[in-house]
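Taking it in order: structure first as structure tokens, then the write-up.
Residue numbers (UniProt numbering): 1 to 217.
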């Protein structure tokens, strides 16, 4: 298992250390996580139009209680739920968690799992509609982060149809010296904000492997 200390030694001083978690990490001791030097965390909140991660409320409260810079993510479904249904699910959980716009991060997780039947055009159309709804009805004109990998974004999303570059990039590129920034952002002179660089991290306070992230300060 990859040790957090080894990541600390490799992390440039311009980067803060973060993790992202879901129910798969089980019960988390956030006091120990914070003491291990993790300063940022994003927790899975919702998926599609109805699902809520059963550990969301506990994890989000624990992150806040121990001073971590906090965020939440929504797992995007292109076909099984409409953007409007997903907006309703997101907004309800944000209100229940006392999410603060401008302080806490909201990200959309764009992956192929459970989106296998969606075409690249359908992925882009539904994602663009959801981004627009969140920006105008939840985030006071700001844009949600987009989480994706270079290959998924290039091959599974018709990204040229819309300008997604205003959405801060959370890139998943494991075991690389530097992540590949998709053309959507690179062509606008933008880079990543969060980089998920490993899925095999070990952090004190978490009993199983956890995703590790670097965050530009």
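All residues carry an ideal CB built from backbone N, CA and C; glycine is no exception.
Do you know whose CA, among the options, lies nearest residue i's CA?
i           : options            : result
residue 57  : 95, 85, 32         : 95
residue 86  : 60, 133, 124, 104  : 133
residue 203 : 197, 161, 212, 196 : 212
residue 64  : 48, 52, 50, 40     : 40
residue 136 : 197, 215, 91, 118  : 91
residue 14  : 31, 195, 121       : 195
residue 27  : 191, 156, 59, 217  : 59
residue 51  : 24, 93, 17, 84     : 93
residue 115 : 108, 77, 145, 82   : 77
residue 167 : 98, 106, 199, 119  : 106
residue 145 : 118, 156, 108, 155 : 108
residue 98  : 122, 61, 83        : 61
residue 147 : 29, 84, 197        : 197
Along the chain, where does the alpha helix (DSSP H) containing residue i start, and where does it finish?
i           : result
residue 128 : 120-137
residue 61  : 56-65
residue 88  : 83-96
residue 114 : Where residue 114 is concerned, there is no enclosing alpha helix (DSSP H), given that its DSSP letter is neither H nor E.
residue 33  : 30-35
In the DSSP output, which residue or residues are listed as bridge partners for residue i?
i           : result
residue 44  : 73
residue 17  : 214
residue 104 : 101
residue 184 : Answer is none; residue 184 lacks a bridge partner.
residue 207 : DSSP output for residue 207 lists no bridge partner at all.
residue 109 : 75, 147
residue 51  : 47
Over the uninterrupted beta strand (DSSP E) stretch that includes residue i, give me the two end residues.
i           : result
residue 148 : 145-148
residue 22  : That residue, residue 22, is in no beta strand (DSSP E); it is neither H nor E in DSSP.
residue 170 : 169-172
residue 198 : 192-202
Below 8 angstroms CB to CB, which residues in the same chain sit around residue i once its five sequence neighbours on both sides are set aside?
i           : result
residue 152 : 110, 111, 112
residue 33  : 19, 41, 66, 68, 203, 204, 205, 206
residue 88  : 49
residue 191 : 169, 181, 185, 216
residue 36  : 4, 203, 204, 205
residue 54  : 23
residue 208 : 24, 25, 26
Quick one: what's got a C-beta closer than 7 angstroms to residue i's C-beta in the same chain, skipping five residues either side?
i           : result
residue 188 : 165
residue 162 : 124, 128
residue 154 : 182
residue 179 : 171, 173, 192, 195
residue 120 : 156, 157, 158
residue 6   : Caution applies to residue 6, whose pLDDT of 38 falls short of 50 and renders its modelled position unreliable; the value that the coordinates give is listed next. Taken in chain order, the list of residues that qualify is empty.
Please work out which residues of its chain come closer than 6 angstroms, Cβ to Cβ, to residue i, disregarding the five sequence neighbours upstream and downstream, and give them in chain order.
i           : result
residue 80  : 48
residue 31  : 66
residue 118 : 78, 79
Flag this pair as touching only if the region 69-86 and the region 40-47 have three or more C-beta atom pairs under 8 angstroms; answer yes or no. Flag = yes, the region 69-86 and the region 40-47 touch.
Q. Any chance the region 140-148 sits against the region 99-107, with 3 or more Cβ pairs inside 8 angstroms?
A. Yes, they touch.
Practice item. Decide yes or no for the touch test of the region 173-192 against the region 118-131: beta carbon pairs closer than 8 angstroms, at least 3 of them. Key: No: fewer than three Cβ pairs fall under 8 angstroms.
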